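A.B. asks:
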Amino acid sequence: MTALSAAAVAATAVTASTGPPASAAEPEVLQVDFADRTGHFRGGATGTLYGLGDEGAPTQNLINGAHITNVSQKAPYGTQHPSGDAIAVEDGFFDKHGEDMYIYVQDYYPDWPYHGGVRPGDARAYDLSNGTYTEGANGVWDYLEVVEFVAEAVATGSDRPEDYVFIPYNEPDWIWYPDWAQHKEQFLADWQAVHEKIQEVWDRHGLGHARIGGPGDSRWQTERSADYLAFAQEHGSLPDVFIWHELGIDNLANYRQNFADYRALEASLGLEPIPVNITEYGMLRDMGVPGQLVQWFSMFEDTKVDAQTAYWNYAGNFSDNSARPNGANAGWWMFKWYGDLAGSETVRVTPPEPNAVDTLQGIGAIDEENRRATVLWGGTNNDVTLDLSGLDESVFGDRVDVEIREIALTGAEGLADTPRVVASYDGAELKEGALELDVPTYDRYAAYQLVITPDQSRDVEAAAAAQPWTASIEAEDMALTDAQVYAHDPQGGDGWQFLASGGQDVGSFNQVGSRAEWTVEVPHDGAYRLQVIGGAPGVPGRHALFVDDESAGTIQYTADLALNERSRWQYRGSAEVLVELTAGEHTLSIRSSEDGTSVLPNSDITLDKVSLTSVGEGEPTAYPASGFRLENGAVLDWGERSPVRGGAALEGEGRADLYATAMETGYYDLVVNWASEGSSSVDLAVGGAPTATVSADEAGRWQSTARVHLVEGVNEIELSSPEGAVVESLTTVRAREADEAAVSIEAEDAVLHGAASVTALAEETGSNASGMAYVGWIGNGEANAVEIAREGFATPGDYDVTVHYANAELSGDHDYNPQVVDRLLEVREGTEPVGDAHFRYTYSWDSFWERTIPVTLSTADEPLRLGSAESWAPNVDRVVIAPRLLGEPTTAPAAP
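The opening residue of the sequence shown carries number 1 in the working numbering; numbering runs sequentially from there.
(1) Assess contact between the region 778 to 787 and the region 741 to 759, defined as three or more Cβ pairs (one per stretch) separated by less than 8 angstroms. Is contact present?
(2) Give the C-beta separation of S501 and E461 to the nearest angstrom, bearing in mind that I take them to be a contact with Cβ-Cβ under 8 angstroms.
(3) Could you please give me the residues that DSSP links to W638 through a beta bridge?
(4) Looking only at its chain, what residues have a beta carbon closer than 7 angstroms to the beta carbon of P27, apart from the 5 residues adjacent to it on each side?
(5) May I have the straight-line CA-CA distance separating A773 from V876, to the nearest angstrom?
(6) Compute the Euclidean distance between the alpha carbons of Y77 and L238, then round it to the nearest angstrom.
(7) With C-beta atoms as the reference, is L265 less than 8 angstroms away from A210?
(8) Evaluate P896 with the Cβ neighbour count: other Cβ atoms within 10 Å of its Cβ, from every protein chain shown; 16 or more gives buried, anything less gives exposed.
(9) Can you tell me which of the three DSSP states S592 falls into?
(10) Once the 5 residues before and after F93 are set aside, which same chain residues still bring their CB inside 7 angstroms of it?
(11) Can you have a look at T582 and say buried or exposed, based on whether 16 or more other CB atoms are within 10 angstroms of its CB?
(12) Within the continuous alpha helix (DSSP H) that includes A268, where are the two ends?
(13) Does DSSP put E677 in a helix, a strand or coil?
(14) If I measure Cβ to Cβ from D306 and keep anything under 6 angstroms in the same chain, skipping five residues before and after, which residues do I get?
(15) Across the region 338 to 358 and the region 591 to 600, are there enough close Cβ pairs to call them in contact, namely three or more that are closer than 8 angstroms?
(16) Can you grab the Cα-Cα spacing for the pair V644 / A699, in whole Å?
(17) Given a threshold of 16 other Cβ atoms within 10 Å of its Cβ, counted over all protein chains shown, does V316 qualify as buried or as exposed?
(18) Inspect the beta-carbon positions of A527 and G616 and report whether they are closer than 8 angstroms.
(19) At the level of alpha carbons, what is the spacing between K96 and Y262?
(20) Identify the continuous alpha helix (DSSP H) that holds S721 and give its terminal residues.
(21) Out of Y668, D217 and S514, point me to the one whose CA is closest to L545's CA.
(22) Alpha carbons only, please: which of E99, A692, V711 and V150 is nearest the one belonging to T890?
(23) If you follow the alpha helix (DSSP H) that E698 is part of, which residue opens it and which one closes it?
(24) When we look at the beta-carbon of L762 and count the other beta-carbons within 10 Å, is it buried (16 or more) or exposed?
(25) Can you check which of these residues, F149, A123, P113 and L612, is closest to A924 by C-alpha distance?
(26) Taking only the alpha-carbon atoms, compute the straight-line gap between W674 and F509 and give it to the nearest angstrom.
(27) Classify S574 as helix, strand or coil using the three-state DSSP reduction.
(28) Could you tell me whether the Cβ atoms of R372 and E728 are closer together than 8 angstroms?
(29) Residue range of the beta strand (DSSP E) that H245 falls in?
(30) Quick one: give me the first and last residue of the beta strand (DSSP E) that I363 is part of.
(31) In the region 764 to 806, which residue ranges form an unbroken beta strand (DSSP E) of at least 3 residues, counting only runs that do not cross its ends?
(32) Can you give me the start and stop residues for the alpha helix (DSSP H) that K184 sits inside?
(33) Relative to the C-alpha of S603, which residue among P540, E653 and G652 is closest?
(34) Can you tell me where the alpha helix (DSSP H) holding V146 begins and where it ends?
(35) Is E740 near the ligand SAM, going by C-beta to nearest heavy atom under 7 angstroms?
(36) Look up Q449 in the DSSP assignment and give the residues it is bridged to.
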């Protein structure tokens with residue numbers, strides 16, 4: 001074996017960290033045998049329950065990037081939640097990777113547990129055309145009528161009814177049928193009745209066989225499952241998908257045995273294996289935490305089942321696995337990494353303990369067509385030794401390129417940047433297909449991705465060294481005054497908590513003298529982005545930033561969820577601020593007071609982690625072809641005569657997808673390194689919209705640049721080349737000076753129509769509204785609108801309309817979920833609709849986020865009109881209108 005040491009890792013990393021110290025324990029060994037194949041990659045472990053709100057919440061960038069193949073949503077006519085009707089969100093879900101849309105039929109009922117927890121009788125007469133009812137018996141079981149009109153709605157209202165799976169019962173082992181001895185016969189009869197009714201509706205419309213999932217128990221139940229399967233086998237009503245839930249901490253240790261027991265039960269009945277979906281898994285503590293999620297993913301991928309993250313808070317954010325309207329948190333990147341394995345075969349991974357709680361676990365996969373091997377792992381505080389074997393030298397050669405990326409916990413609403421390369425090896429030698437790597441671990445809640453390819457044209461070590469400088473520190477390791485460190489046991493409270501990076505955070509930050517200080521040495525003069533991960537419970541808040549005891553501005557936090565004690569102080573977001581620093585040592589001080597005599601508004605904010613990143617050079621972030629998703633025949637090119645060895649060969653319908661992070665909305669240079677064998681071009685689509693084409697008139701290696709407007713968070717970029725090209729990489733470079741091309745309008749300065757009116761905010765609110773004012777009472781009729789004159793953007797063309805907004809509307813009550821409403825905002829050019837989007841919940845009417853609507857304007861003088869004809873729109877702070885593309889793309893020969 002070739003041993004590449006932890007010292008080599010440090011040599012290629014461009015990260016300074018004063019976070020958790022490296023463990024003194026011996027590294028844990030994760031064995032990965034790429035020659036021992038375990039089946040085609042299933043990719044179903046990132047399903048999500050109520051992960052979609054209304055169309056566009058989450059955004060299409062987030063949905064596609066997360067590569068979610070299965071979701072469970074609210075049934076048509078459902079009143080359990082204000083948003084998330086399956087038919088209303090199906091277009092976005094099926095846009096790229098969606099395969100199975102499950103619906104919880106009982107979500108017709110508004111209360112939890114359904115119908116007061118008691119099986120309904122015959123007390124209503126339903127109108128099967130719209131789900132309304134009148135009191136009084138009609139000789140038909142009430143729930144059977146609900147099942148019929150829900151099935152009818154899908155059959156007639158969906159464009160893809162064949163891709164739906166009905167779940168008639170959710171957790172029937174405690175809802176409606178808790179006493180198996182007493183309720184068994186009733187449940188089995190009811191199962192048969194609803195199964196036959198759904199098939200009857202499908203037959204009525206000539207749709208063939210309707211897919212139905214069950215039984216849907218809240219946990220694995222051997223006796224109930226055996227009775228249910230035997231009955232369904234005898235009566236011709238076997239489920240198309242077998243369903244149960246794995247909720248709790250110990251399920252990480254018990255799931256595989258439960259699954260084995262289920263498969264044994266099938267075999268005992270002479271049944272062929274039925275597909276399985278664990279339609280709810282994990283606890284609050286697991287959501288948004290990559291080192292926890294990878295443990296669940298590995299179990300479900302090993303057993304080749306689908307599975308869905310549980311719904312603990314609100315609809316529309318992948319169960320706390322995305323941030324803000326369009327941003328990634330660390331959990332989203334774990335989803336994305338897992339989805340990147342599509343098209344691969346999984347391989348044998350042997351962790352130190354395969355069936356244990358909170359331990360090192362991993363997933364290995366190999367894509368032989370593209371000569372790409374991947375390992376994902378996490379779950380330990382100890383450093384990890386990767387013992388890799390079975391790398392066929394006929395596929396990889398005798399030298400390989402290796403890149404290792406890290407994603408660390410950022411909180412539920414904390415923006416996570418593109419995961420950095422923390423170690424890289426250019427041309428590492430394989431010996432008999434084996435390689436051993438020692439990788440330092442930042443934190444047990446972090447996760448890691450290793451990608452191995454044959455030796456590329458690209459120098460992976462040089463690419464790692466070119467990353468912007470960054471450093472981070474855990475809040476508990478800062479110098480603290482009038483503040484307290486709190487420890488968080490990851491298994492405390494039975495998992496009903498959100499976890500803190502490093503297992504601790506800093507709270508009681510509520511005195512005039514409260515401060516947290518970090519002495520850090522920066523490498524050069526310039527601009528740096530300070531990011532603070534912290535929890536502002538239910539309201540926006542502020543801290544003062546001092547550098548070397550001199551005031552350096554305000555850190556502005558937006559509100560975070562504070563629904564109850566499980567989330568208050570623990571549901572963390574992020575605040576970002578730019579600061580100018582000179583080369584050398586500085587002390588950064590985060591303070592509750594800027595004058596030393598009074599605290600800032602809502603400054604009692606928990607602090608989890610602080611990072612500093614150099615951004616003055618444009619924060620170049622490279623996305624190499626080895627990390628692209630390749631579609632429609634696109635492949636990595638390893639030909640000996642290829643001008644770019646390891647580049648993405650695109651031709652015809654072939655496409656490469658990548659997901660670029662913008663930590664702030666504005667202009668970025670998209671720098672494409674590519675090659676052509678003659679006259680050719682590469683088309684770039686951003687956020688689903690054709691945006692730019694770069695071209696060359698002859699054969700050669702090229703570097704092309706297009707200046708494009710990107711939006712805060714995740715930006716899907718699709719590359720294609722009908723004539724044929726090989727793309728080595730795409731790099732984003734912030735062009736902050738170009739932001740002057742955008743036009744910013746304070747909503748209170750726009751023309752207001754109807755009831756739309758200005759509200760001034762007091763400083764005591766701690767609001768992040770610009771100018772401390774906003775416009776509300778927009779929508780709920782076309783007359784109530786904001787009108788923006790075409791000053792500064794009079795040229796017809798493609799624009800991004802970025803709206804800074806607040807929406808804290810709730811509708812209805814629930815035992816533990818905030819019933820959030822996604823508000824719709826429509827944009828018109830004069831009287832013509834040009835775009836719309838749903839705007840997700842911001843936790844407070846005083847807390848403002850941003851959401852971008854792409855529009856194409858066809859006139860030079862018709863004003864923009866923002867409103868909503870049928871419902872209230874979000875409150876609007878300001879609007880920024882930016883051309884999507886600035887100038888003409890350029891192409892020049894690539895540097896040798």
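For glycine and all other residues, C-beta sits at the position ideal for the given N, C-alpha and C.
On a predicted model such as this, the values are computed, not experimentally measured, just so you know.
C.D. replies: Quick answer:
(1) Taking 8 angstroms as the limit for Cβ pairs, the verdict is that the region 741 to 759 does touch the region 778 to 787.
(2) 28 angstroms between Cβ atoms; not a contact.
(3) W638 is not bridged to any residue.
(4) Residues of the same chain with a CB within less than 7 angstroms of the CB of P27, apart from the 5 flanking positions on each side, are N382, D383, V384, T385 and D438 in chain order.
(5) Computed Cα separation, rounded: 9 angstroms.
(6) Using only the alpha carbons, I get a separation of about 27 angstroms.
(7) At least 8 angstroms separates the beta-carbon of L265 from that of A210.
(8) Counting Cβ neighbours within 10 Å, P896 comes out exposed, since fewer than 16 surround it.
(9) In the structure shown, S592 sits in coil (DSSP, three-state: anything other than H, G, I, E or B).
(10) Counting only Cβ-Cβ distances below 7 angstroms, and skipping sequence neighbours, we find L52, I63, V71 and M101.
(11) Exposed.
(12) Looking at the sequence itself, residue 268 is Ser, so the reference to Ala does not match. If you look at S268, you'll find it in the alpha helix (DSSP H) that goes N251 to S268.
(13) In the structure shown, E677 sits in coil (DSSP, three-state: anything other than H, G, I, E or B).
(14) Excluding five sequence positions before and after D306, the CB atoms of its chain that fall closer than 6 angstroms to its own CB belong to G44, G47, N70 and N277, given in chain order.
(15) Too few Cβ pairs lie closer than 8 angstroms, so no.
(16) Counting only the Cα atoms, A699 lies some 13 angstroms from V644.
(17) Residue identity differs from the one stated: residue 316 is Gly in this sequence, not Val. With 16 or more other Cβ atoms from the protein chains shown falling within 10 Å of its own Cβ, G316 counts as buried.
(18) Yes, the Cβ-Cβ distance between A527 and G616 is below 8 angstroms.
(19) Approximately 32 angstroms between the Cα atoms of the pair.
(20) For S721, there is no enclosing alpha helix (DSSP H), since its DSSP letter is neither H nor E.
(21) With distances taken between Cα atoms, L545 lies closest to S514.
(22) Nearest option by C-alpha distance: A692.
(23) That residue, E698, is in no alpha helix (DSSP H); it is neither H nor E in DSSP.
(24) For the record, residue 762 in the displayed sequence is Ala; it is not Leu. Under this definition A762 is an exposed residue.
(25) One cannot answer for residue 924 here, as it falls past the ends of the chain, which runs 1 to 896.
(26) About 51 angstroms.
(27) Strand, per DSSP.
(28) Against a cut-off of 8 angstroms, the Cβ pair of E728 and R372 comes out as no contact.
(29) Run containing H245: V241 to E246, per the beta strand (DSSP E) assignment.
(30) Following the DSSP letters along the chain, one finds I363 inside the beta strand (DSSP E) bounded by residues Q361 to D367.
(31) Counting only runs of 3+ residues, the beta strand (DSSP E) found wholly inside the region 764 to 806 occupies 773 to 776, 785 to 788 and 797 to 806, in chain order.
(32) Residue range W180 to R204 is occupied by the alpha helix (DSSP H) that includes K184.
(33) Of all alpha-carbon atoms in P540, E653 and G652, the one lying nearest the alpha-carbon of S603 is that of P540.
(34) Segment D142 to G157, the alpha helix (DSSP H) holding V146.
(35) Here there are no bound small molecules, and the ligand SAM is not part of this structure.
(36) The partner list for Q449 (beta bridge, DSSP) reads L376 and R405.
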